[in-house]
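Residues in the sequence shown are numbered from 8 upward in steps of one, following the working numbering.
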Amino acid sequence: MRLQPLSARVDNYIWVLRNTQGRALVVDPGEAGPVFEAANADAFEPAAILLTHHHADHVAGAASLVERWHDTPVYGPDDDRVGLPMHRPADGETFTVDDWSIRAIHVPGHTRTHIAFYVENAGNSPVLFCGDTLFSLGCGRLFEGTAAEMENSLGRLAALPPDTRVCCGHEYTLANAAFAVVVEPDNAALRHRMKEAKTMRDAQQPTLPTTLGSELACNPFLRCDAPAVVDAVSRRLGRAPAGRVETFATLRAWKDGFAA
């Protein structure tokens, strides 16, 4: 299988996961053009379109793809703001597309109806299409959900196997790294990831996919129990946080106002 991020808009990625039969999962097509170009160049057609949430930079190109490939099934959130006929999988529902087994995981927080897709295929590392819930070294803003919802959603993703390839919706790694290193300046795994990401971006390469194991080692939003993270939040609050949710909420609010 071939996993490819297609650049779109300013810093979005449309994800394409292809099999050897010329078929592909297309995830969060905020524009149709990059998908058309890739399909023409590499002779594939969509087996399914997966949408993680209703924001236009993730769904605006889907209608054009369906117009070209009429029989392509669309899977997405149970949200009337996505104006397409589609399947709306329940939380934990597993469905099959070609040789992929796909599990929908409801992850409210960034939006109230956000979902992620966990994709398995025999002989390959699993893939997580997480939209704007989990980013490399960060997480999404809380536009509609609560801190408790988002912390729980991230915990569900963190429980997946560490070799899971994490496919986020945006190229935010270096910006997130600038905040993460303020929270955990002595985290060697984080320092390594920052150096690696800078090298990639200097070469105009994507920093994604990352792995869940890497994120568990250096993403502060997945490390709300780590002593260094708790200490940083305690200094921010002037007292110890009451628990994981307050630690997360403090980190998220801190990041919202952070300038490198």
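Cβ coordinates follow ideal geometry from the N, Cα and C atoms, glycine included.
Values in this document were obtained by computation on a predicted structure and should not be read as measured data.
Segment limits, beta strand (DSSP E) that includes residue i
| i | result |
| --- | --- |
| residue 39 | Element bounds for residue 39: n/a, residue is neither H nor E. |
| residue 221 | From DSSP, residue 221 is part of no beta strand (DSSP E) but of the alpha helix (DSSP H) over 219 to 225. |
| residue 100 | That residue, residue 100, is in no beta strand (DSSP E); it is neither H nor E in DSSP. |
| residue 19 | 19 to 25 |
| residue 203 | Counting along the chain, residue 203 falls outside any beta strand (DSSP E), though it belongs to the alpha helix (DSSP H) covering 195 to 209. |
| residue 91 | Premise fails: residue 91 is in no beta strand (DSSP E) and is neither H nor E. |
Start-to-end residues for the alpha helix (DSSP H) that takes in residue i
| i | result |
| --- | --- |
| residue 234 | 234 to 244 |
| residue 186 | 180 to 190 |
| residue 135 | Premise fails: residue 135 lies in the beta strand (DSSP E), 134 to 138, not in any alpha helix (DSSP H). |
| residue 255 | 251 to 263 |
| residue 66 | 63 to 66 |
| residue 50 | It is not in any alpha helix (DSSP H) - residue 50 carries neither H nor E in the DSSP assignment. |
| residue 69 | 69 to 75 |
| residue 156 | 154 to 165 |
Top-ranked residue by Cα proximity to residue i, from the options
| i | options | result |
| --- | --- | --- |
| residue 15 | 81, 177, 168 | 177 |
| residue 202 | 106, 144, 132 | 144 |
| residue 27 | 79, 35, 10 | 10 |
| residue 106 | 256, 8, 209 | 8 |
Contacts around residue i, its chain only, beta-carbon distance under 7 Å, and the 5 residues preceding and following it disregarded
| i | result |
| --- | --- |
| residue 229 | 161, 165, 222, 223 |
| residue 251 | 158, 231, 232 |
| residue 154 | 252, 255, 256, 259 |
Other residues of its chain near residue i: CB distance less than 8 Å, five sequence neighbours each side excluded
| i | result |
| --- | --- |
| residue 236 | 190, 191, 227, 230, 254, 258 |
| residue 63 | 37 |
Short CB-CB distance (under 8 Å) between residue i and chain B
| i | result |
| --- | --- |
| residue 125 | Any reference to chain B falls outside this structure, which holds one protein chain only. |
Beta-carbon proximity check, residue i vs residue j, cutoff 8 Å
| i | j | result |
| --- | --- | --- |
| residue 18 | residue 179 | yes |
| residue 215 | residue 134 | no |
| residue 53 | residue 76 | yes |
| residue 45 | residue 13 | yes |
| residue 91 | residue 57 | no |
| residue 110 | residue 101 | yes |
| residue 171 | residue 132 | yes |
| residue 95 | residue 85 | yes |
| residue 204 | residue 181 | yes |
| residue 249 | residue 241 | no |
| residue 51 | residue 29 | yes |
Contacts around residue i, its chain only, beta-carbon distance under 6 Å, and the 5 residues preceding and following it disregarded
| i | result |
| --- | --- |
| residue 186 | 262, 265 |
| residue 139 | 117, 147, 176 |
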